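Some notes on the structure that comes next.
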Amino acid sequence: MASLIRLGRLTSVESSVINARLGNISPERLTRIKNLLINWLRKSN
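Next comes the structure, spelled out in structure tokens:
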């Protein structure tokens, strides 16, 4: 099953700005996504 998370423009916002919780993600999946992002950023340079 394809992941529903798409990495596009990244930004930082105050946590108080975000009013909704969309769901939970397992620590393993979060680590995998972070590693994919790191590898993608390294290839961009």
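So in our numbering, the last one in the sequence shown is 267, and the numbering has no gaps at all.
Here a beta-carbon is modelled for each residue, glycine too, at the ideal position from N, C-alpha and C.
Small disclaimer: the values here were computed from a predicted structure and weren't measured.
Quiz item: Between the beta-carbon of ILE260 and the beta-carbon of ILE247, is there less than 9 angstroms?
Solution: Stepping through the sequence shown from its first residue, residue 260 is reached at position 38. Stepping through the sequence shown from its first residue, residue 247 is reached at position 25. Taking 9 angstroms as the Cβ cut-off, ILE260 and ILE247 do not qualify as a contacting pair.
Quiz prompt | Local conformation of ILE255 per DSSP, three classes | solution = As a position in the sequence shown, residue 255 is number 33, starting the count at 1. Helix at ILE255.
Exercise. Give me the Cα-Cα distance between GLY245 and TRP262, rounded to the nearest whole angstrom.
Key: Numbered from 1 along the sequence shown, position 23 holds the residue referred to as residue 245. Numbered from 1 along the sequence shown, position 40 holds the residue referred to as residue 262. Answer to the nearest angstrom: the Cα atoms are 25 angstroms apart.
Quiz prompt | Alpha carbon of SER266 to alpha carbon of VAL235, nearest angstrom | solution = In the sequence shown, residue 266 corresponds to position 44, counting from 1. In the sequence shown, residue 235 corresponds to position 13, counting from 1. Cα to Cα, SER266 sits roughly 24 angstroms from VAL235.
Exercise. Examine chain D for any beta-carbon lying closer than 9 angstroms to the beta-carbon of LEU263, and answer yes or no.
Key: The structure shown contains no chain D, having only a single protein chain.
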